[in-house]
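First up is the structure itself, then whatever we jot down about it.
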Amino acid sequence: MVKKSSNVRTKDLNLWFGEKHVLKNMNIEIPEKTITAIMGPSGCGKSTFLRCLNRMNDLILEAKIKGSILIDNKDIYNSKTDITALRKKVGMVFQRPNPFPKSIFDNIAYGLKINQVKKNRIPGIVEQSLKATALWNEVKDRLHDSAMSLSGGQQQRLCIARAIAVEPEVVLMDEPASALDPSSTLKIEELMKKLKNKYTIILVTHNMQQAARVSDYTAFFYVGELIEFGKTEQVFQNPDEKLTESYISGKFG
Amino acid sequence: MVRKKFNEGLEEIEQGAINIGEMVWTALNNAIDALIHHDLEEAHSVITNDVNINNKRWKVEERCITLIATQQPVATDLREIIAILNIITDFERMGDHAQGIAKVMLRLESEPPMKTLQTFFEMSHEVLSMIKRSIQALIDRDIKESLKIYKHDDVVDNYYNKIFDEILTYEEEKPKRFKVGTYFIWMAHDLERIADRVSNICERIVYLAHGEMENLDTYKPKSS
Chain P
40 MVKKSSNVRT
50 KDLNLWFGEK
60 HVLKNMNIEI
70 PEKTITAIMG
80 PSGCGKSTFL
90 RCLNRMNDLI
100 LEAKIKGSIL
110 IDNKDIYNSK
120 TDITALRKKV
130 GMVFQRPNPF
140 PKSIFDNIAY
150 GLKINQVKKN
160 RIPGIVEQSL
170 KATALWNEVK
180 DRLHDSAMSL
190 SGGQQQRLCI
200 ARAIAVEPEV
210 VLMDEPASAL
220 DPSSTLKIEE
230 LMKKLKNKYT
240 IILVTHNMQQ
250 AARVSDYTAF
260 FYVGELIEFG
270 KTEQVFQNPD
280 EKLTESYISG
290 KFG
Chain C
0 MVRKKFNEGL
10 EEIEQGAINI
20 GEMVWTALNN
30 AIDALIHHDL
40 EEAHSVITND
50 VNINNKRWKV
60 EERCITLIAT
70 QQPVATDLRE
80 IIAILNIITD
90 FERMGDHAQG
100 IAKVMLRLES
110 EPPMKTLQTF
120 FEMSHEVLSM
130 IKRSIQALID
140 RDIKESLKIY
150 KHDDVVDNYY
160 NKIFDEILTY
170 EEEKPKRFKV
180 GTYFIWMAHD
190 LERIADRVSN
200 ICERIVYLAH
210 GEMENLDTYK
220 PKSS
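Protein sequences appear in the order of chains P and C. So for the first sequence, our numbering puts the first residue at 40; every next one is plus one. So for the second sequence, our numbering puts the first residue at 0; every next one is plus one.
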């Protein structure tokens, strides 16, 4: 059986944008098949951290990185890393749903074609992915309609379906429900809980109640530093660090 | 502004719990006083005033629920609200025991008087002191003091056993006076239960201050 999830570890990870030191000596170990929430005030580096995990920051010219990120015990910043293979392994879902201006079917099929999945296997994987994201019953009769005709919540679930269709090991989610209403948010949260049986999910969120509800582990970042990492129930009931306590209690931020 | 309002809410429930504690201390003090001075009026007033303790407890509980529903508290804030919810429940039950002593005292008054039972009054003195100290420990979030008060429950238990033995001897000597003896055992049991509730409160203070929910018999603070 193919291994579906992996540990994600960073060792002395530092990142600069030009002169600005954005991530400072990050050492974090994320257990596989769990949901880890990353929280912290705006500008603390949580989205930057997330984007490091599938080398999205490579696109930013002034970004300089030191230290290592190990996925499956392999340093993803090794010069031999195949970026396309990495992004297949580490999928990403963004804050705003960003379906391609194509049909619902093609949104999922596109990534599969790029990854050279055999044509006859594609319809089956599309169905499977839409079922995994609880979207199948809502869209099965209109698979060839434009994805743009779906509601915001459905679009986001389609983006998650698109991400998992290529069978990643890790799914990065950058505030995946912040642009959605409470009922769509609930569906996304339920989906995350279901997906963690197969994938390691790393979630950036500003919504602390969401972090408390869905995650197994919580990391608190502050000004580019990892202040605390622990089991979510412990972080929210009895955090070790005063700074974490102040932040989650709304005393600053 | 929002946080300020939340802080005010937290202060309000803590003050509410302290007030209930003081009301309970007064109720027990008055019940014992009524017993010492054969003051029926005072005993009646302890019985009727218990409703004020109950009402105050509901009011604070309602405020706690509103804070949970509207503020989604976490960490110390959450522990404070949960601890207060438990503490006011314990205080309220202590009030019932004080009322119980006053009720038994009224029955006792219809019996011929018995020689003053010194041990009972010593026990009541210990229990009153435990209540007062626990209120202060709550205000100060004082873990060391909470542990001391918790351990003091053994002293109260010893008094209870002593009273039990004394009354059995008394009843053996004067079998016709078994009612009076039973009434005193009854009241001593109320005192013993109050001390147990004080111990619960001490556990909650430790939880509130350190986030550790543990039996204090074996508890060792991890850090100060």
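Even for Gly, the Cβ is constructed at its ideal location relative to N, Cα and C.
Helix, strand or coil for residue i, going by three-state DSSP, please let me know.
i        : result
P:Phe259 : strand
P:His183 : coil
P:Val156 : coil
P:Ala76  : strand
P:Thr49  : strand
P:Asp121 : coil
C:Ser109 : coil
P:Glu68  : strand
P:Met247 : helix
C:His151 : helix
C:Lys183 : Lys is not the amino acid found at residue 183 of chain C; the sequence shown has Phe there. Looking at C:Phe183 - three-state DSSP - the assignment turns out to be helix.
P:Ser142 : strand
P:Thr172 : coil
P:Asp114 : strand
P:Met40  : Because P:Met40 carries a pLDDT of 41, less than 50, the predicted location of this residue cannot be relied on, and the following value inherits that uncertainty. Here P:Met40 sits in coil by DSSP.
Within the present structure, is the beta-carbon of residue i separated from the nearest heavy atom of the ligand MG by less than 8 Å?
i        : result
P:Gln194 : Looking at this structure, you won't find the ligand MG or any other ligand, since it has none at all.
Going by beta-carbon coordinates alone, are residue i and residue j separated by less than 9 Å?
i        : j        : result
P:Asn214 : P:Thr239 : With the sequence shown as reference, residue 214 of chain P is identified as Glu, and Asn is not the correct amino acid for it. Contact flag unset, no.
C:Met129 : C:Leu34  : no
P:Thr271 : P:Tyr256 : yes
P:Leu151 : P:Ile161 : yes
P:Gly296 : P:Gly84  : Only positions 40 to 292 of chain P appear in this structure, which leaves residue 296 of chain P out of reach.
P:Gln276 : C:Val73  : yes
P:Ile199 : P:Leu234 : yes
P:Asp114 : P:Ile108 : yes
P:Leu174 : P:Gln155 : no
P:Asn53  : P:Met65  : yes
C:Ile193 : C:Phe163 : no
C:Phe90  : C:Ile52  : yes
C:Glu144 : C:Arg132 : yes
P:Met131 : P:Ala202 : yes
P:Phe88  : P:Ile99  : no
C:Arg56  : C:Ile81  : no
P:Ile305 : P:Ile227 : The question about residue 305 of chain P has no answer here: the residues shown for chain P are numbered 40 through 292.
P:Met187 : P:Pro138 : yes
Which bits of chain C does residue i rub up against, with CB to CB less than 7 Å?
i        : result
P:Phe259 : Per Cβ cutoff of 7 Å: no residues; P:Phe259 is ~11 Å from chain C at best.
P:Lys103 : Near P:Lys103 there are no residues of chain C at all, since even the closest Cβ is about 36 Å away, more than 7 Å.
What does residue i reach in chain P if we use C-beta pairs closer than 7 Å?
i        : result
C:Leu77  : Gln276
C:Gln71  : Gln248
C:Arg196 : Going along chain P, no residue has its Cβ under 7 Å from C:Arg196, so there is no contact; the nearest lies around 24 Å.
C:Ala187 : Residues of chain P passing the Cβ test: none, with the nearest at roughly 39 Å.
C:Gly288 : This structure cannot speak to residue 288 of chain C, because chain C is shown only from 0 to 223.
Do you know how far the Cα of residue j is from the Cα of residue i?
i        : j        : result
P:Leu230 : P:Leu197 : 12 Å
C:Lys282 : P:Pro221 : Since the displayed chain C opens at 0 and closes at 223, residue 282 of chain C lies outside it and no answer follows.
C:Ala208 : C:Leu66  : 19 Å
P:Thr120 : P:Thr283 : 36 Å
P:Ile69  : P:Ser86  : 16 Å
C:Val197 : C:Leu77  : 22 Å
P:Tyr116 : P:Glu208 : 17 Å
C:Leu137 : C:Ile17  : 8 Å
P:Val210 : P:Ile164 : 18 Å
C:Pro220 : C:Val1   : 34 Å
P:Lys50  : P:Gly106 : 6 Å
C:Tyr159 : C:Glu211 : 30 Å
C:Leu27  : C:Ala97  : 5 Å
P:Tyr149 : P:Lys170 : 18 Å
C:Cys201 : C:Glu191 : 16 Å
P:Gln167 : C:Arg140 : 56 Å
P:Trp55  : P:Ala258 : 21 Å
C:Lys161 : C:Met104 : 20 Å
C:Asn229 : P:Gln195 : Any property of residue 229 of chain C remains undetermined from this structure, which presents chain C solely from 0 to 223.
P:Ile67  : C:Glu13  : 39 Å
C:Phe5   : P:Pro136 : 35 Å
Please list, in chain order, the chain P residues whose beta carbon lies closer than 9 Å to that of residue i.
i        : result
C:Arg203 : Under the 9 Å cutoff, chain P gives no residues; its nearest Cβ is about 14 Å from C:Arg203.
C:Glu82  : The sequence shown places Ala at residue 82 of chain C, not Glu. Here the premise fails: no neighbours, minimum Cβ distance about 12 Å.
C:Ala97  : Residues of chain P passing the Cβ test: none, with the nearest at roughly 34 Å.
Quick one: which chain C residues come within Cβ less than 8 Å of residue i?
i        : result
P:Lys290 : Arg2
**Prompt:** What are the residues of the stretch 263-287 of chain P that lie near chain C, defined by any Cβ-Cβ distance shorter than 7 Å?
**Reply:** Flagged, chain order: Phe275, Gln276, Asn277, Pro278, Glu284, Ile287.
**Item:** Contact list for the stretch 39-68 of chain C against chain P, Cβ threshold 7 Å
**Value:** Within the stretch 39-68 of chain C, no residue has its Cβ closer than 7 Å to any Cβ of chain P.
**Message:** Residues of the stretch 136-160 of chain C in Cβ contact with chain P at a cutoff of 7 Å, in chain order, please.
**Reply:** none
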